[in-house]
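Student: The structure is given below, and queries will be raised subsequently.
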Amino acid sequence: MLNILLNPKQKKYQELIDETNKFHQTISKYSNNELKLQTHKLKKLLLKGQSLDEILPEAFSTAKEAIRRALGLELFNVQILGGIILHYGKIAEMKTGEGKTLVGILPSYLNALNSNGVHVITVNDYLAKRDAELVNKVYKYLNISVGLIQQSMNTNERKQQYNCHITYITNNELGFDYLRDNMAIQKTDIVQRQFNFAIIDEVDSILIDEARTPLIISGLYEDTTKKYEISRVISDKLNKYIDYEIDEKTRNITLTDSGIIKCENLLNVKNLYDINNPWIQYILNALKAKELFFKDVHYIVKNEEIIIVDEFTGRIMEERRWSDGLHQAIEAKENKKIQPENQTLASITYQNLFLLYQKLSGMTGTAKTEETELDKIYKLEVEEIPTNKTCRRQDLPDLVYKYEYYKWKAVSNECHDMHEIGRPILIGTTNVEKSEFLAKILDELELPYNILNAKPENITREAEIITQAGRKSAITISTNMAGRGTDIILGGNPDAMTKIILSNYIKNILKLPFNNQFIQKISNEIKIILKTLDIHLIKSQITSNNINQYIEEAISLVSVKDDLLYKNIQGVYLKILNEYRLIFAKEKKDVLKLGGLHVIGTERHESRRIDNQLKGRAGRQGDPGSSRFFLSLEDNLLRIFGGDKISKLMQVLNIDDTTPIESTILTRSLNSAQKKIESYFYDIRKQLFEYDEVINYQRQAIYAERKRILESHFTRDCIIEYAQSTIDDMLSTYDQTSSNKTIIVGRISKLLNITEDLNIDRIISTINKKQVQSFLYEQIRITYDLRESYLEQLRPGLIRQLEKYYLLQQIDQAWQKHLEKMMFLRESIGWRSYGQQDPLIEYKNEGFHLFVNMVTYIRQTVVYLIMRSRLIINLPKE
1 MLNILLNPKQ KKYQELIDET NKFHQTISKY SNNELKLQTH KLKKLLLKGQ
51 SLDEILPEAF STAKEAIRRA LGLELFNVQI LGGIILHYGK IAEMKTGEGK
101 TLVGILPSYL NALNSNGVHV ITVNDYLAKR DAELVNKVYK YLNISVGLIQ
151 QSMNTNERKQ QYNCHITYIT NNELGFDYLR DNMAIQKTDI VQRQFNFAII
201 DEVDSILIDE ARTPLIISGL YEDTTKKYEI SRVISDKLNK YIDYEIDEKT
251 RNITLTDSGI IKCENLLNVK NLYDINNPWI QYILNALKAK ELFFKDVHYI
301 VKNEEIIIVD EFTGRIMEER RWSDGLHQAI EAKENKKIQP ENQTLASITY
351 QNLFLLYQKL SGMTGTAKTE ETELDKIYKL EVEEIPTNKT CRRQDLPDLV
401 YKYEYYKWKA VSNECHDMHE IGRPILIGTT NVEKSEFLAK ILDELELPYN
451 ILNAKPENIT REAEIITQAG RKSAITISTN MAGRGTDIIL GGNPDAMTKI
501 ILSNYIKNIL KLPFNNQFIQ KISNEIKIIL KTLDIHLIKS QITSNNINQY
551 IEEAISLVSV KDDLLYKNIQ GVYLKILNEY RLIFAKEKKD VLKLGGLHVI
601 GTERHESRRI DNQLKGRAGR QGDPGSSRFF LSLEDNLLRI FGGDKISKLM
651 QVLNIDDTTP IESTILTRSL NSAQKKIESY FYDIRKQLFE YDEVINYQRQ
701 AIYAERKRIL ESHFTRDCII EYAQSTIDDM LSTYDQTSSN KTIIVGRISK
751 LLNITEDLNI DRIISTINKK QVQSFLYEQI RITYDLRESY LEQLRPGLIR
801 QLEKYYLLQQ IDQAWQKHLE KMMFLRESIG WRSYGQQDPL IEYKNEGFHL
851 FVNMVTYIRQ TVVYLIMRSR LIINLPKE
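Note that UniProt numbering has the sequence shown beginning at 1, numbered continuously upward.
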């Protein structure tokens, strides 16, 4: 029976959990071969008409046994409950350290049995790779294939990975592959299958934080680099509060009347907003780059390039650029090479991308605060899963100082005190700049620490840093902890530590860059064990590219290779692992006695979830722990949202600068400020979703048409259909008495490639419209037959190639121009509200007319090109 407290809604799952455990008692006695046959048996049950829900207990118990054999881990009942929640298309909120990666295996296996494909989506390449490698050990027992999509893969590799039963992928790669597939010229270039079922890891990070900006595939546009350089110079000449105003809450800048006049005089133009020579966007972007976007906070400079830092995870975002000219403005500010502007070729929001799945689910440690949005936009219900052991973390009240200086002083004193005691400390900072500032303070105090932020030299040591973060007296400074994917284990992580030592030692043998300091710190006993590694075999069989893969395969319990080096590495790994298990077990006892991990927050984030993720690193799996936030009235959140009121209160009460305020009223007001910001960003995402929904219907129609053409073996019918629709459009505007009569007749003659011998005007004027339609339909077919036979004589099969080429080319070009028009429409439509009109309704109406015009243009252009294309054949010279 389940030894945890279920809420009334979850009582219905009790029976499924008990049934899973009952099945497991039988399956645990199966041989490895019998366990593999379970997959075949379950697939047969589905073919016989049973549903996934009906075979759930048996499938879950099969996966549970595979996990036990591959990883030596016994699943908790709460993890089975999490798997059930995911299978039913909901979000499972599970606290840090509850084993979400393993939970995802249960519904993934069950839903993979119908062979429609399952996607497990993570926030970054590191997590996708790590999780795919881990679960692959499990799925080898179940005869299930695991795919992994990585950034560097080509089309064939991607297609192969997507065709696996279960595919691990990042949200970015998934979105860009979807857009690329819908820009493909050949059917063979399409890599994805139909979207069936997805499990999103760190679901709040992907569906909430990432959903503010759409995914865009772009191509080079006109070169306007000089405008960015000139705008940067002008921005330096403008004065804050006089020439422009900053709204920090909405991160927006507006020019004052004097600012507009000053800019126009400096540029020697009459109108900043002139549609033929617009300057306003360049000036505003230059001011945003100057006032709102800072180096080592919002971006870093790496290899002479501006790289965005993700404010939610603290990671760098390679290959990503801010849109609408902002990235170029920052390049100009930092005096780096300005990349040309881009034109949108295809785009989609995360909201509409994930709504393509037939079934969607997700898991995270923090989703309850955003459950309204997740339900309204994605129809996803959030279910809180009880922890396996009761959480013993103590969340201490916030301490608020008047000035930032005294806050940092208090943080450093807290670090010193905890370090003296021997408690491990994790300090969360909001950006690179603050993390390095704190590091300098700790240097002055001569306190040892590890720093984990977006700087490349620190990212490479991520696993190593987190592995040691739970050790006695360890101090770890980190930018946001979302999506780190590695638990901080008190006393240290023996498994991860052993792998890191092996990897560094092998790099040393191969004369590759390695962490020498790390190797030097290890004990003599471990150094002696490492010396038993066969250097000659390592040099002959391992390369710089496959070190970690080789180690993983060597230590895997399902490795069947009869290889001397595999056995050598496996033996060394197990010996070192046993050493570290003893060392870390003793250290864990000491740390537990001292009170566990202590988490220090140095600033409240604009989202409560990010703060909760930081706190959640302490107190995993029933361990003791504590957390406290040190704040100042100069912090962004307090400064923007009501810090002046608290400042006045401190003055009235005559509170000393070094004395902090500790108050539940203050904590409540901070929570209220965070809720306001969350609500504001929710409105932004909601508006983005509502506006993109208009384009989404159009996108689906265009992409469906492209797919029909790509998959069609006989595109002639499509051309005839386009021609008939074009004739209908022309006839609908034809009026015998109107002056447009001659124009329409001319267009029809041009379209049908009709010579002057056939008096089409006389034919149209003497019979009714229905007969005219039938006559022109017949003419189009005759004309097209002649065209086809002419081209077939020149080169057999050419007409089919031309048809597909013109169809796809015109659809793509027209769609790109349409996206540009819709973007301009979106930017200008807001002004309609001053005329008492709803901008969204106006956007829908005008967007519809633009779409109809685009479809008409595509049809007419394709038919005209096919009818009038001339073939030039270069004959070889004699």
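We treat Cβ as the ideally placed atom computed from N, Cα and C, and that holds for glycine.
Would you list the one or two residues that DSSP bridges to SER627?
Tutor: ASP395, VAL599.
Student: Kindly indicate which three-state DSSP category ALA469 falls into: helix, strand or coil?
Tutor: If DSSP states are grouped into helix, strand and coil, ALA469 belongs with coil.
Student: Given GLN674, which residues of its chain have a CB within under 6 Å of its CB, disregarding the five upstream and five downstream residues?
Tutor: Closer than 6 Å at the Cβ level, and outside the excluded window around GLN674, lie ARG608.
Student: Would you call PHE848 buried or exposed, if buried means 16 or more other Cβ atoms sit within 10 Å of its Cβ?
Tutor: Looking at its Cβ environment, which holds fewer than 16 other Cβ atoms inside 10 Å, PHE848 is exposed.
Student: According to DSSP, is MET317 helix, strand or coil?
Tutor: If DSSP states are grouped into helix, strand and coil, MET317 belongs with the strands.
Student: Where does GLY403 fall in DSSP's three states?
Tutor: For the sequence presented, residue 403 should be read as Tyr rather than Gly. DSSP places TYR403 in coil when its eight states are reduced to three.
Student: Any chance the region 346–366 sits against the region 193–202, with 3 or more Cβ pairs inside 8 Å?
Tutor: Taking 8 Å as the limit for Cβ pairs, the verdict is that the region 193–202 does touch the region 346–366.
Student: What alpha helix (DSSP H) runs, 4 residues minimum, are completely inside the region 83–127?
Tutor: The region 83–127 contains these whole alpha helix (DSSP H) runs: 100–103, 105–112.
Student: Does DSSP put LYS295 in a helix, a strand or coil?
Tutor: Residue state, collapsed to three classes: strand.
Student: Going by C-alpha distance, which of ILE425, ARG800, SER115 is nearest SER627?
Tutor: The shortest C-alpha separation from SER627 is found at ILE425.
Student: Do GLU383 and ILE91 come within 8 Å of each other at the CB atom, strictly closer than that value?
Tutor: Yes, the pair counts as a contact, with Cβ atoms nearer than the cut-off.
Student: Can you give me the Cβ contacts of SER559 inside the same chain, cut-off strictly under 8 Å, excluding the 5 residues immediately before and after it?
Tutor: A caution first: SER559 carries a pLDDT of 46, below 50, which makes its placement in the model unreliable, though a value can still be read off. Closer than 8 Å at Cβ, skipping near neighbours: GLU553, TYR566, GLN570.
Student: Could you tell me which of ILE829, LYS707, PHE824, VAL863 sits nearest to ARG193, measuring between CA atoms?
Tutor: The shortest C-alpha separation from ARG193 is found at LYS707.
Student: Once you ignore the five residues that flank ILE253 on each side, which residues in its own chain have a CB closer than 8 Å to its CB?
Tutor: Cβ neighbours of ILE253 beyond the five flanking positions: TYR244, GLU245, ILE246, ASP247, LEU284, LEU287, LYS288, GLU291, LEU292.
Student: So which of ILE542, GLY595, LEU592, ILE528 has the shortest CA-CA distance to LYS575?
Tutor: Looking at the Cα atoms, ILE528 is the closest of the given residues.
Student: Taking all protein chains shown into account, do 16 or more other C-beta atoms lie within 10 angstroms of the C-beta of GLU15, making it buried, or fewer, making it exposed?
Tutor: Exposed.
Student: Assuming ASP611 and ARG620 form a contact by the criterion Cβ under 8 Å, report the distance between their Cβ atoms to the nearest whole angstrom.
Tutor: Not a contact, Cβ separation roughly 17 Å.
Student: Going by DSSP in three states, SER712 sits in which element: helix, strand or coil?
Tutor: SER712: coil per DSSP, three-state reduction.
Student: Can at least three beta-carbon pairs, one atom from the region 780–798 and one from the region 707–724, be found at a separation below 8 Å?
Tutor: Touching, yes, given that three or more Cβ pairs across the two stretches are closer than 8 Å.
Student: According to the neighbour-count rule (16 or more other Cβ atoms, all chains shown, within 10 Å of its Cβ), is PRO340 buried or exposed?
Tutor: Answer is exposed; the Cβ neighbour count stays below 16.
Student: Just the Cα atoms here: how many angstroms apart are LEU353 and GLY175?
Tutor: C-alpha separation (whole angstroms): 7 Å.
Student: Spatial neighbours of THR256 within its chain, please: C-beta separation below 8 Å, excluding the five flanking residues on both sides.
Tutor: Closer than 8 Å at Cβ, skipping near neighbours: ILE242, ASP243, TYR244, GLU245.
Student: Within the continuous alpha helix (DSSP H) that includes LEU442, where are the two ends?
Tutor: 432–444 is the span of the alpha helix (DSSP H), which, as asked, contains LEU442.
Student: Any heavy atom of the ligand ATP closer than 7 Å to the CB of LEU396?
Tutor: With respect to small molecules bound, the structure shown includes none, and the ligand ATP cannot be examined in it.
Student: Go ahead and label GLU878 buried or exposed: buried means 16 or more other beta carbons lie within 10 angstroms of its beta carbon, across all protein chains shown.
Tutor: Unreliable positioning characterises GLU878 in this predicted model, as indicated by a pLDDT of 48, which lies under 50. A coordinate reading is not provided.
Student: Select from TRP815, ILE841, PHE824, LYS750 the residue whose C-alpha is nearest the C-alpha of ASP865.
Tutor: This sequence places Leu at residue 865; Asp is not what is there. The shortest C-alpha separation from LEU865 is found at LYS750.
Student: For residue 890, report the span of its alpha helix (DSSP H) as first-last.
Tutor: With the chain running from 1 to 878 in the structure shown, residue 890 is simply not present.
Student: Pairs of beta-carbons, one from the region 122–135 and one from the region 397–405, closer than 8 Å: are there three or more?
Tutor: No, the region 122–135 does not touch the region 397–405.
Student: Where VAL103 and GLU74 are concerned, what is the direct C-alpha to C-alpha distance, given to the nearest angstrom?
Tutor: Roughly 12 Å between the two C-alpha positions.
Student: Compare the C-alpha of ILE489 against each of PRO448, ARG423, ALA439, ASN453 and name the closest.
Tutor: For ILE489, the nearest C-alpha among the options comes from ARG423.
Student: In whole angstroms, what separates the C-alpha of GLU711 from that of LYS336?
Tutor: If I take the Cα positions, the gap works out to 45 Å.
Student: In chain order, what are the residue ranges of uninterrupted alpha helix (DSSP H) at least 4 long that sit wholly in the region 209–269?
Tutor: Counting only runs of 4 or more, we get 225–237, 257–267.
Student: Cα separation between THR20 and LYS41?
Tutor: Going from the Cα of THR20 to the Cα of LYS41 covers about 17 Å.
Student: Could I get the ranges of all uninterrupted beta strand (DSSP E) runs contained in the region 800–832, with 3 residues as the minimum, in chain order?
Tutor: For the region 800–832, not a single whole beta strand (DSSP E) run of length 3 or above is found.
Student: Mark TRP279 as exposed unless 16 or more other C-beta atoms lie within 10 angstroms of its C-beta, in which case mark it buried.
Tutor: Buried, since its Cβ has 16 or more Cβ neighbours within 10 Å.
Student: What three-state label does DSSP hand THR20 in the structure shown?
Tutor: Of the three classes helix, strand and coil, the one that applies to THR20 here is helix, per DSSP.
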